[in-house]
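Trainee: Residue numbers (numbering that gives the first Met the number 0): 0 to 256.
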Amino acid sequence: MQFEYNHSSSFFRNEKQKLKKNMYVIVNTDKGLQYGKVINFFSDVSKLDDVHLFSVVRISTKKDYYQYLENKKMEIEAITTCKEMVRKCGLSMNILDSHYNFDRSQLIFRFIADERVDFRQLARDLGTKFRTRIELRQIGIRDKAKEIGGIGPCGRLLCCSSFLKSFDSVTINMAKNQNVSLNPSKINGVCGRLLCCLRYENDCYTNQKKKFPKVGSMIELTQGTGKVVAVNVVRGSYSVEFENKVRVEVECDEEKK
0 MQFEYNHSSS FFRNEKQKLK KNMYVIVNTD KGLQYGKVIN FFSDVSKLDD VHLFSVVRIS
60 TKKDYYQYLE NKKMEIEAIT TCKEMVRKCG LSMNILDSHY NFDRSQLIFR FIADERVDFR
120 QLARDLGTKF RTRIELRQIG IRDKAKEIGG IGPCGRLLCC SSFLKSFDSV TINMAKNQNV
180 SLNPSKINGV CGRLLCCLRY ENDCYTNQKK KFPKVGSMIE LTQGTGKVVA VNVVRGSYSV
240 EFENKVRVEV ECDEEKK
């Protein structure tokens, strides 16, 4: 099931409804009823990560569709109102969007801020204004990039919006371990943070480097004794420099032949 308001997808249990792909339905979630679209089917739910699956309530009707459109219209008005209240309260936060659940029993505002924000008074004012349960949710810049999507420097869809389910910490040492240029334009993604691929590719580089001699070590070759000055995991080779400053590139395990 996919939801248009944040482009996320989730699994739901269906027991009675005769569903087809691209059909719109009403589902039950931990945030109440939601309006979503069927995008795929799975017969063996035991293989899914979800321990508890919510269920499909019903196939949407024309009346449901009109209520969905009305909710979208009210969400736009809610954003404008919320931004005005933020300015009056003098809070340092950027409101990104708002979302009503289907029956409008809850209104969620998502925002970005550089630090923690005390929005308790804002939440009370919003509750009084909209007369529904209010949730103010702070998200990171990575989460926003995941929703918007885009093309990474590799020319493929962003990892975060295509297959990554969660964000792990990424450090500059991972870029150094992979011999990546430390130029911010080379190691930062569209979100402005370090590339996610540096994290999940790091283990591969670490394991592969065990097959190579360490940089700085001395090694004996047919040409003589030289110093390992660089390792190229992708090409499967390393560079050795001799006393006369001559460098040679050696294939991994070539010295054993």
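Where is the CB? At the ideal position from N, CA and C, for every residue including glycine.
Classify residue 40 as buried or exposed, calling it buried when 16 or more other Cβ atoms lie within 10 Å of its own Cβ.
Mentor: Sequence index remark: in the sequence shown, residue 40 carries index 41 (1-based). It counts as exposed.
Trainee: Assign residue 112 to one of two classes, buried (16 or more other C-beta atoms within 10 Å of its C-beta) or exposed (fewer than that).
Mentor: One-based indexing of the sequence shown puts residue 112 at position 113. Under this definition residue 112 is an exposed residue.
Trainee: Which word fits residue 70, buried or exposed, when buried means at least 16 other C-beta atoms lie within 10 angstroms of its C-beta?
Mentor: Taking the first residue of the sequence shown as 1, we reach residue 70 at position 71. A residue is called buried once 16 or more other Cβ atoms fall within 10 Å of its Cβ, and residue 70 is buried on that count.
Trainee: Once the 5 residues before and after residue 50 are set aside, which same chain residues still bring their CB inside 7 angstroms of it?
Mentor: For the purposes of this step, residue 50 is taken as the residue at position 51 of the sequence shown. Confidence at residue 50 is low in this model, with a pLDDT of 49, below 50, so the placement of that residue is unreliable and no value is reported for it.
Trainee: So who's on the other strand from residue 33, going by DSSP bridges?
Mentor: By one-based count along the sequence shown, residue 33 stands at place 34. 26.
Trainee: Let me check understanding here. Comparing Cα to Cα, which of 22, 15, 36, 9 lies closest to residue 29?
Mentor: Residue mapping note: residue 29 aligns to position 30 of the sequence shown, counting from 1. Considering only 22, 15, 36, 9, the residue with the shortest C-alpha distance to residue 29 is 9.
Trainee: Would the segment 118 to 134 count as touching the segment 52 to 60 if we require 3 or more Cβ pairs under 8 angstroms?
Mentor: no
Trainee: By Cβ distance, which residues of its chain are closer than 6 angstroms to residue 177, with the 5 residues on each side in sequence left out?
Mentor: Against the sequence shown, residue 177 aligns to sequence position 178. Within the same chain, 204 come within 6 angstroms of residue 177 by CB-CB distance, once the 5 residues on both sides are set aside.
Trainee: Roughly how many angstroms lie between the CA atoms of residue 243 and residue 235, to the nearest whole one?
Mentor: Residue mapping note: residue 243 aligns to position 244 of the sequence shown, counting from 1. Residue mapping note: residue 235 aligns to position 236 of the sequence shown, counting from 1. Spanning the two alpha carbons is a distance of roughly 25 angstroms.
Trainee: May I ask you to verify whether the segment 66 to 84 touches the segment 97 to 104, counting CB pairs closer than 8 angstroms and requiring at least 3?
Mentor: yes
Trainee: What would DSSP say about residue 229, mapped onto helix, strand or coil?
Mentor: Along the sequence shown, read from residue 1 onward, the residue named residue 229 stands at position 230. In the structure shown, residue 229 sits in a strand (DSSP, three-state: E or B).
Trainee: Do residue 131 and residue 104 have their C-beta atoms within less than 8 angstroms of each other?
Mentor: Taking the first residue of the sequence shown as 1, we reach residue 131 at position 132. Taking the first residue of the sequence shown as 1, we reach residue 104 at position 105. In contact: residue 131 and residue 104 (Cβ atoms closer than 8 angstroms).
Trainee: Give me, in chain order, the residues of the same chain whose beta-carbon lies closer than 6 angstroms to that of residue 188; leave out the 5 immediate sequence neighbours on both sides.
Mentor: Position 189 of the sequence shown, counting from 1, holds the residue named residue 188. Once the five neighbours on either side are set aside, the close Cβ partners of residue 188 are 194.
Trainee: So what's residue 207 in DSSP terms, helix, strand or just coil?
Mentor: In the sequence shown, counting from the first residue as 1, residue 207 sits at position 208. Three-state result, residue 207: helix.
Trainee: Mapping the DSSP letters down to three states, classify residue 238 as helix, strand or coil.
Mentor: Working through the sequence shown from its first residue, we reach residue 238 at position 239. Looking at residue 238 - three-state DSSP - the assignment turns out to be strand.
Trainee: Tell me whether residue 57 sits in a helix, a strand or coil according to DSSP, three-state version.
Mentor: As a first step, residue 57 must be located in the sequence shown, where it is residue number 58. Residue 57 falls in the strand class under three-state DSSP.
Trainee: Tell me where the alpha helix (DSSP H) around residue 129 begins and ends.
Mentor: Sequence index remark: in the sequence shown, residue 129 carries index 130 (1-based). Looking at the DSSP string, the run of the alpha helix (DSSP H) that includes residue 129 is 119 to 129.
Trainee: Between the Cα of residue 86 and the Cα atoms of 206, 118, 38, which residue gives the shortest distance?
Mentor: What you label residue 86 is simply residue 87 of the sequence shown in a count that begins at 1. Comparing Cα positions, the closest option is 118.
Trainee: Less than 8 angstroms between the beta carbons of residue 106 and residue 77, yes or no?
Mentor: Translated into positions along the sequence shown, residue 106 becomes position 107. Translated into positions along the sequence shown, residue 77 becomes position 78. Yes, Cβ-Cβ distance for residue 106 and residue 77 is below 8 angstroms.
Trainee: How is the alpha helix (DSSP H) around residue 92 delimited, first residue to last?
Mentor: Walking along the sequence shown from the start, residue 92 turns up at place 93. Here residue 92 belongs to no alpha helix (DSSP H), and DSSP marks it neither H nor E.
Trainee: Using the Cβ count rule (16 or more neighbours within 10 Å means buried), how would you classify residue 12?
Mentor: Taking the first residue of the sequence shown as position 1, residue 12 is located at position 13. With fewer than 16 other Cβ atoms within 10 Å, it is exposed.
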